[in-house]
Structure formats: structure tokens, C-alpha cells
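Novice: Note that the sequence shown ends on residue 257 in our numbering; no numbers are left out. Beta carbons are placed, not taken as given, at the ideal position from N, Cα and C, and that holds for glycine. Supplied in C-alpha cells, the structure appears directly below.
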Amino acid sequence: MRICLTLLLLGIVVLALGCSGTKDASTEEIEWLFVQNADHISLQDGVLTLDGIGPTVLFFSDRPQRIAAHGSTTDFVSFWGRGGGTDNFDVDPPNATLSIVTETADSDVVLTLSNPRLEGERLQYDVAIVDGQESLEGGPGSLFIDVVGAPATPVSVAGVDRRVTRRTVARVAY
């Protein structure tokens with residue numbers, strides 16, 4: 084069962100970050116959102132640290148597909164920069180919203196993520212603050228990672244590649 088879930092995750096992550104296939108402009112794109120949870124979060128000096136990171140990443144899509152699943156945090160980090168063209172997180176770092184509970188209040192920070200590093204139950208990202216506090220500490224908290232998967236045009240190479248993989252993954256999932 085675990086092997087099947089891992090293979091499904093790998094297929095979906097590859098789909099989300101781009102892979103190879105044939106053209107089919109009639110299929111709609113899937114835009115994936117990712118959620119990571121941690122027991123304690125620290126944001127200091129341009130580094131976001133998620134301690135007690137959950138072993139899985141939740142990912143889901145919006146209408147009309149409404150697909151939801153989860154996969155390994157380790158797999159998510161290892162696929163960070165994979166994908167075709169500019170449709171991967173190394174080439175086009177994602178925005179994210181960090182939502183944490185501190186001793187004084189709940190805090191939300193919008194930031195751009197890069198360079199993920201996972202060691203045990205600690206995940207770190209280099210960040211650029213878009214909006215919000217530049218340093219804070221607290222927990223528990225969640226990191227909502229922005230969309231990957233929408234090419235500029237419906238017939239872009241990245242979009243075509245994802246469609247083929249999505250269909251394959253969807254057939255396996257259903």
C-alpha cells in the first residue's frame with residue numbers, strides 16, 4: 084500500500100512540476116496548492132524553519148477537478164527543482180503564506196520560498212518577505228505554498244506535458 088501511495092505521489096508531483104508527453108489542448112490544466120504543517124516555526128534572517136514538520140504534504144486542486152491527496156515531505160523536497168522549462172520551483176520560486184500561532188496573536192506572512200533543506204523533522208527554506216513581519220516565532224503553524232501547474236497558454240510545452248501525466252495518474256488513482 085505504501086509503495087502504491089509513494090508511486091502515486093511521485094506521479095502527481097512530476098505532473099505538477101512538469102514532465103514529457105504529447106499535445107492535447109482540449110484538456111483543462113490542474114493548478115496544485117501544497118500545505119505543510121509543523122509544530123514550531125521560526126522566521127529569522129531570511130530563513131524559515133519548520134520544526135516538527137509533518138511527514139506528509141497535503142496537495143489539492145480547485146474546480147473542476149477537485150483532486151486532493153497527500154505525499155511524503157521527503158519526496159516533495161526532492162522534486163523541488165524538477166520540471167520542464169520555467170515551470171518548476173527552482174526557476175520560478177513559489178509564493179507562500181505562513182500562518183502561525185504566537186504567544187501574543189496569530190500571524191500571517193506572505194513570502195517567496197527557495198532552497199528547501201530537510202534534515203529529519205526540520206525543514207528550512209530561504210525566504211524573501213513579500214508582506215508581513217520579517218521575524219517571528221511560534222507554533223503550531225501551516226505553510227500554504229502557491230500554485231504550480233498553470234502555463235501561459237493552453238498549448239504550452241509545460242501544460243501539454245502535465246496533461247499527459249495527469250491523465251496517467253488519474254487513471255491509477257481512480
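In whole angstroms, what separates the C-alpha of G224 from that of R205?
Specialist: 14 Å
Novice: Hey, could you find the ends of the alpha helix (DSSP H) D158 is sitting in?
Specialist: For D158, the enclosing alpha helix (DSSP H) begins and ends at T156 to S161.
Novice: Take the Cβ of T187 as the centre, count every other Cβ of all protein chains shown within 10 Å, and call the residue buried at 16 or more, exposed below.
Specialist: exposed
Novice: With DSSP collapsed to three states, give me the class of A188.
Specialist: coil
Novice: Within a Cβ cutoff of 8 Å, which residues of the same chain sit near S109, ignoring the five residues on either side of it in sequence?
Specialist: Since pLDDT at S109 reaches only 38, below the 50 mark, its modelled position is unreliable, and the value read off the structure follows with that caveat. Annotation for S109: no residue places its beta carbon closer than 8 Å to its own, counting only its chain and skipping 5 residues before and after.
Novice: Since A179 contacts F227 with CB under 8 Å, what's their CB separation in whole angstroms?
Specialist: 6 Å
Novice: Where does G154 land, buried or exposed, given buried means 16+ other C-beta within 10 angstroms?
Specialist: buried
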